[in-house]
Structure formats: C-alpha cells, structure tokens
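Quick note: the sequence shown uses the numbering used here, first residue 99, plus one each step. Positions of the beta carbon are idealized from the N, C-alpha and C atoms, including for glycine.
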Amino acid sequence: MKATLFENARFYTGREENEYFEYMLVEKGRIRALSHTRPAKNTYAKAVDLEGGNAYPCMIDPHVHLLYTIVLSAMGFDLCTIENAKVTPDTMDGIKELLCAFAATKKPNEPVVANNYILSAIDQRRLPTKEELDDWCGGRAAVVYTIDGHASALSTAMLQKIGLDPEGHSGVLMGEEHETVQGRITDAISSMVTPAVLAKGIAKVENNCAAMGVSHIGALEGNGDSKKDLTTLLMLHLARHMDIQVRLYLQYFDINRVEKFRKYLKIPRIGGCGQWEMDGATGAHSSAFNVPFRDTGRTAPCYYTQAQVDENVQKADALGYQIASHAIGECAIDRITKALLETTSGRFHRVEHGEFFDDAAFERYKSGRFAVVMQPGYAWIDKRYLRSYEQFLPDEIIKRLKFGSLYKAGVCVCGSSDSPVQAIDPYLQMTGMVDFYHEDESISVFEAFRCCSVNAQRPWARMRSLAHWKRAKLQTSLWRTSIFSMSPPKGSAPSVPAAPITRAEGGKTKKAA
Numbered sequence: 099m100k101a102t103l104f105e106n107a108r109f110y111t112g113r114e115e116n117e118y119f120e121y122m123l124v125e126k127g128r129i130r131a132l133s134h135t136r137p138a139k140n141t142y143a144k145a146v147d148l149e150g151g152n153a154y155p156c157m158i159d160p161h162v163h164l165l166y167t168i169v170l171s172a173m174g175f176d177l178c179t180i181e182n183a184k185v186t187p188d189t190m191d192g193i194k195e196l197l198c199a200f201a202a203t204k205k206p207n208e209p210v211v212a213n214n215y216i217l218s219a220i221d222q223r224r225l226p227t228k229e230e231l232d233d234w235c236g237g238r239a240a241v242v243y244t245i246d247g248h249a250s251a252l253s254t255a256m257l258q259k260i261g262l263d264p265e266g267h268s269g270v271l272m273g274e275e276h277e278t279v280q281g282r283i284t285d286a287i288s289s290m291v292t293p294a295v296l297a298k299g300i301a302k303v304e305n306n307c308a309a310m311g312v313s314h315i316g317a318l319e320g321n322g323d324s325k326k327d328l329t330t331l332l333m334l335h336l337a338r339h340m341d342i343q344v345r346l347y348l349q350y351f352d353i354n355r356v357e358k359f360r361k362y363l364k365i366p367r368i369g370g371c372g373q374w375e376m377d378g379a380t381g382a383h384s385s386a387f388n389v390p391f392r393d394t395g396r397t398a399p400c401y402y403t404q405a406q407v408d409e410n411v412q413k414a415d416a417l418g419y420q421i422a423s424h425a426i427g428e429c430a431i432d433r434i435t436k437a438l439l440e441t442t443s444g445r446f447h448r449v450e451h452g453e454f455f456d457d458a459a460f461e462r463y464k465s466g467r468f469a470v471v472m473q474p475g476y477a478w479i480d481k482r483y484l485r486s487y488e489q490f491l492p493d494e495i496i497k498r499l500k501f502g503s504l505y506k507a508g509v510c511v512c513g514s515s516d517s518p519v520q521a522i523d524p525y526l527q528m529t530g531m532v533d534f535y536h537e538d539e540s541i542s543v544f545e546a547f548r549c550c551s552v553n554a555q556r557p558w559a560r561m562r563s564l565a566h567w568k569r570a571k572l573q574t575s576l577w578r579t580s581i582f583s584m585s586p587p588k589g590s591a592p593s594v595p596a597a598p599i600t601r602a603e604g605g606k607t608k609k610a611a
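Structure follows, in structure tokens:
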C-alpha cells in the first residue's frame with residue numbers, strides 16, 4: 099500500500115467558502131478521499147502532519163508569455179518599479195542612468211533587454227529614441243518594452259538585426275508596426291540565449307510559481323512573423339520537463355503552421371496574442387474603440403476584418419482547436435465574440451483581456467460559450483500609479499470597466515498576469531478584484547480566489563475543485579494563514595498572505611498538454 103494520509107490541516111475544496119475537510123488521502127499522486135474522520139490505519143502507509151496549515155487547490159495563471167518571461171528573468175530587468183506609492187524613475191534622466199548601469203554589466207555582443215517602461219509616468223511622456231539607446235547602451239542591440247508590452251524602443255543595432263532600416267527611423271514602434279516584428283525581436287534575443295541562461299530563467303520562474311502556490315501556466319507562444327520560429331519548438335520541448343504544468347497555445351494565425359506542432363500537444367490549442375490579436379493596447383493607443391482617444395482625438399483599427407476572423411475561427415474550431423484571442427477595445431471584442439458564438443463544436447474558447455466590452459458583447463459573454471481572461475491587477479495599478487486610462491480614454495470607455503457584473507452573471511471570468519507584463523502573482527490580480535477600479539464592481543476574496551483557480555481551469559476541462567478528487571492529480575498549496583480571511587486591501591500594496599509551507603504535486607504529463 100502506497101497511500102499517504104495528510105492531516106492536521108483544513109483542506110478547502112474551493113466550491114464553497116467554508117467547505118473544507120480535515121483529512122486528505124493521496125495515492126499515486128491522486129487525491130483518493132477527503133473526510134472529516136480519520137481513515138482506518140489499514141488504508142494508508144504513512145501519515146504527514148501539516149501542523150495546522152490551510153490547504154487549497156493551487157493557483158493558475160492562464161495567460162503567460164512563458165519563454166519571454168524565462169528569458170527576461172535571466173537576461174533583462176524591469177526598468178520602472180512602483181515604490182512608496184510612486185513610479186521610479188519618473189524622468190528620462192533616471193531612465194538613462196538605469197540603462198547605462200545595466201548595459202555596463204553586459205558584454206559588447208550581449209543584448210540589453212528592459213521591460214516595464216511606464217510611459218505615462220515619465221516626465222517627457224515618450225519612449226527613448228534609437229540615438230539615445232545607442233548612446234546609453236554603448237551601441238549594443240537594445241530593446242525597451244512598455245509596461246503593457248505593446249510598444250517598444252529599439253537601438254540602431256537591434257533595428258538592423260530585425261531587418262529594419264535605421265535611416266530616418268526614430269527607433270520607436272507603436273501599434274501594428276510593433277506587433278508585426280515581435281517574432282524577429284524574439285529571434286534576435288534568443289540567438290544570444292545560452293543553455294545556462296535558460297536554466298537560470300527556468301529556475302527563477304519555477305521558484306516564483308512555487309512561492310505563489312501556482313501549479314499551472316497557460317503559455318501563449320509563437321511568433322508568426324518569424325519564418326522558422328525555433329523558439330516555439332524549444333518551448334514545446336521545455337514545457338514537457340518543467341515542474342509546473344504547462345498548457346500551450348500556439349499564436350499562429352496560419353492554422354497549417356500550427357498543425358505541424360500538433361503532435362506535441364495533448365489537447366490542441368491555438369491563439370492568444372501575437373497574430374491572434376484583434377487590436378493592440380490602450381497605452382500604445384492601438385486598442386480598437388468606436389470613440390477617439392482622449393489625448394489624440396484618433397481611433398485605432400482592428401487588425402482583421404470580421405470575415406477574416408470568422409473564417410479562421412470556424413476553421414480552427416472544426417479542426418479541434420480550443421481558441422484564445424486578444425481583444426481590448428469594444429470593436430475588437432465584437433469581432434472575436436461574434437465569431438466564437440458561431441462555432442458549432444461546443445468547445446469552450448477564451449477571450450483574452452476583453453475589458454472594455456459594450457452591452458452587446460456582455461450578452462455574448464453571458465452565453466457561457468467562452469471564458470474571459472482579464473488582468474484586474476493591471477487596472478488596480480493603473481488607477482493608483484500609472485493613470486493611463488484617465489489620460490488616454492474618454493469617460494464613456496472607462497465606465498465600461500467591469501468585473502463584479504461578469505462574475506455575478508455567471509461568466510467564467512479568470513485572473514491572469516500576462517507575464518512578463520506583470521509578475522506571476524495571483525494575489526495582485528485578486529487585489530484588483532476585491533478592490534476593483536470601480537468600487538461597485540468589486541468581488542469577495544473567496545470569489546477572487548475562484549477566478550484564479552477554479553474558473554481558470556474550466557477551459558482546460560481539468561479539476562474544477564479539490565473535491566473532484568476521483569480524477570484530480572494532487573495540486574495543493576499549503577499556507578500558514580487562511581487566504582479567505584484576508585481583508586480586501588484599500589489603497590495599499592498587495593502582498594502574499596504568507597509563504598507556502600510546501601507545494602505537493604503528483605505526476606507529470608508526457609506531452610506539453
């Protein structure tokens with residue numbers, strides 16, 4: 099007999115806020131029983147005392163750009179940080195100082211990669227030019243990404259590496275111009291990644307997931323503008339050997355290209371960001387709204403026509419793919435939700451972001467045909483530190499930001515980091531839910547927990563709560579304090595309730611899943 103009894107803890111199921119059991123029997127990496135009474139001694143080989151801890155289904159981050167998160171963890175750094183209720187640095191001189199210092203640690207042939215540039219907080223409200231990056235980074239190939247990941251600044255050497263003529267080019271990429279070269283930038287950076295760098299990055303990401311009680315990652319990978327895109331094949335192989343469970347979405351709009359990788363996937367998935375983006379981002383002024391941006395007086399277009407979206411969605415659905423697609427502005431949301439609503443397989447698809455929906459899209463959300471994967475932690479930070487929404491968006495658009503209405507309407511709404519846009523930290527996303535941008539759209543801590551665990555698993559047809567023990571691999575996080583007893587933070591920085599004692603897992607999948 100190989101069963102193990104875990105005891106002296108509260109094993110919360112995640113179905114109801116106060117539903118928990120006092121004993122958990124595990125055999126061959128699967129939960130065999132949950133009970134309030136101690137099982138008979140002849141049903142287990144050993145007992146483990148959890149010292150009065152609180153056990154929960156592990157958290158899930160369903161929207162992560164995993165390979166770039168790994169590379170950035172090892173090779174890059176966050177340019178701006180939020181400290182003492184302010185963005186640091188908030189001047190171009192401060193940006194210069196940090197980039198110069200970081201570049202000085204690099205060899206001449208190593209790239210300079212900087213993330214988290216908070217454009218709305220910098221005194222000059224702009225990105226660095228290629229001439230400035232050339233000077234500050236010593237002529238190295240350099241790229242600076244805005245916090246939303248939808249605009250960038252490139253040095254002359256990086257422009258040349260991706261095949262753009264530096265002559266007459268500022269080095270600043272916005273909107274579709276930015277989106278269409280991400281594969282080439284990733285190729286350029288990845289060509290300089292060594293096995294040692296990968297190992298360092300993977301270790302950092304997995305250690306962070308363990309510290310946060312995160313067991314599953316939805317990895318959105320693939321760059322359609324890269325002809326070979328060897329990084330995607332690399333990610334497919336890496337995912338099979340990571341301790342966290344990885345669910346891969348391939349971001350090629352060309353479905354024939356995805357078919358070549360299908361043999362690596364236990365469940366075929368397509369889309370996410372990249373070529374499956376219906377529009378860009380608010381900070382880059384490339385979200386597709388019907389009304390103009392407040393500061394420019396202009397609107398941004400959708401990247402595809404309704405006919406193009408309909409055709410690709412129908413084809414992917416017919417071939418057995420679960421679909422995910424990035425959409426932020428109401429025009430973009432309308433395109434993808436209309437297409438998903440016409441699918442006939444009954445498969446549960448996803449809309450990524452989907453924040454600024456109109457009334458018609460809300461009705462489609464309530465159809466129960468797809469999940470909506472949001473980043474409420476980003477809105478929480480924006481309201482307090484970035485203020486990009488109030489600078490760029492008219493009031494009628496900001497009023498559309500809703501979360502509680504979706505949850506109460508039964509929509510499968512999930513919380514996610516969009517890492518490396520934000521750190522893999524479900525408690526930041528929960529903070530954004532319990533203290534939402536509009537206070538009357540907030541939900542409880544328990545409801546927020548479900549959005550980062552139970553709801554996030556629904557598109558994957560996996561364990562929906564700890565009580566689904568007959569088919570559940572053991573994915574449990576153990577905490578000293580109760581997550582559900584956390585007070586909703588009001589204006590304070592979010593924090594993890596306590597470091598987990600341990601994270602227990604059972605078995606690994608043979609495919610990337």
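Work out the CA separation of S580 and K205 for me, nearest whole Å. 47 Å
Please identify the residue among V543, D415, I315 whose C-alpha is closest to the C-alpha of G444. D415
Please state if the CB of C510 and the CB of D159 are separated by a distance shorter than 9 Å. no
I need the DSSP call for M122, collapsed to helix, strand or coil. strand
State the Cα-Cα distance for the pair F468 and I426, rounded to the nearest angstrom. 16 Å
Quick one: using the 10 Å Cβ neighbour count with 16 as the cut-off for buried, is D393 buried or exposed? exposed
Please go through the segment 324-366 and give each complete alpha helix (DSSP H) segment of 4 or more residues, from N-terminal end onward. 328-337, 353-357
Coarse secondary structure for C429, derived from DSSP in three states: helix
Let me know the beta strand (DSSP E) ranges lying completely inside the segment 257-283, each 3 residues or longer, listed in chain order. 270-272
Residues near S465 by beta carbon distance below 8 Å, same chain, minus five either side: L439
Could you tell me the alpha carbon to alpha carbon distance between R113 and Y154, rounded to whole angstroms? 11 Å
Which residues in the same chain as Y274 place their Cβ atom closer than 6 Å to its Cβ, once the five residues preceding and following it in sequence are excluded? It is Glu, not Tyr, that sits at residue 274 in the sequence shown. Around E274: no qualifying Cβ.
Alpha carbon of Y347 to alpha carbon of A138, nearest angstrom: 44 Å
In whole angstroms, give me the CA-to-CA distance for V86 and G247. Lying outside 99 to 611, the shown extent of the chain, residue 86 is not represented and no answer is given.
Quick one: what's got a C-beta closer than 8 Å to V279's C-beta in the same chain, skipping five residues either side? I260, L262, L271, D323
Could you give the distance in angstroms between the alpha-carbon of I479 and the alpha-carbon of G378? 19 Å
Straight-line gap, Y402 to F454 (C-alpha atoms, nearest Å): 18 Å
Determine, using beta carbons only, whether A286 and A239 come nearer to each other than 9 Å. yes
Rounded to whole angstroms, what's the CA-CA distance from G418 to P366? Just pull it up for me. 7 Å
Residue ranges of each beta strand (DSSP E) within the segment 183-220, 3 or longer: 184-186, 210-215
Tell me where the beta strand (DSSP E) around G475 begins and ends. Per DSSP, G475 belongs to no beta strand (DSSP E); it is in the alpha helix (DSSP H), 474-479.
Boundaries (first-last residue) of the beta strand (DSSP E) holding D159: 157-162
Identity of the residue in F582, V519, S486, D516 nearest I220 by Cα: S486
I'd like to know whether the C-beta atoms of Y535 and P474 end up nearer to each other than 9 Å. yes
For the beta strand (DSSP E) that A249 lies in, which residues bound it at each end? 249-252
Do you know offhand how far G370's Cα is from K436's? 17 Å
Alpha carbon to alpha carbon, what distance is there between V356 and N614? Because the chain in this structure spans residues 99 to 611, residue 614 falls outside the shown range and cannot be described.
Neighbourhood of T102 by C-beta distance below 8 Å, restricted to the same chain and skipping five residues each side: L123, V124, E125, Y142, A143, K144, A145, V146
CB contact flag (A317, R345, <9 Å): yes
Using the C-alpha atoms, what's the distance from E277 back to S253? 17 Å
In chain order, what residues of the same chain have a beta carbon less than 7 Å from the beta carbon of D523, not counting five sequence neighbours either side? M310, S515
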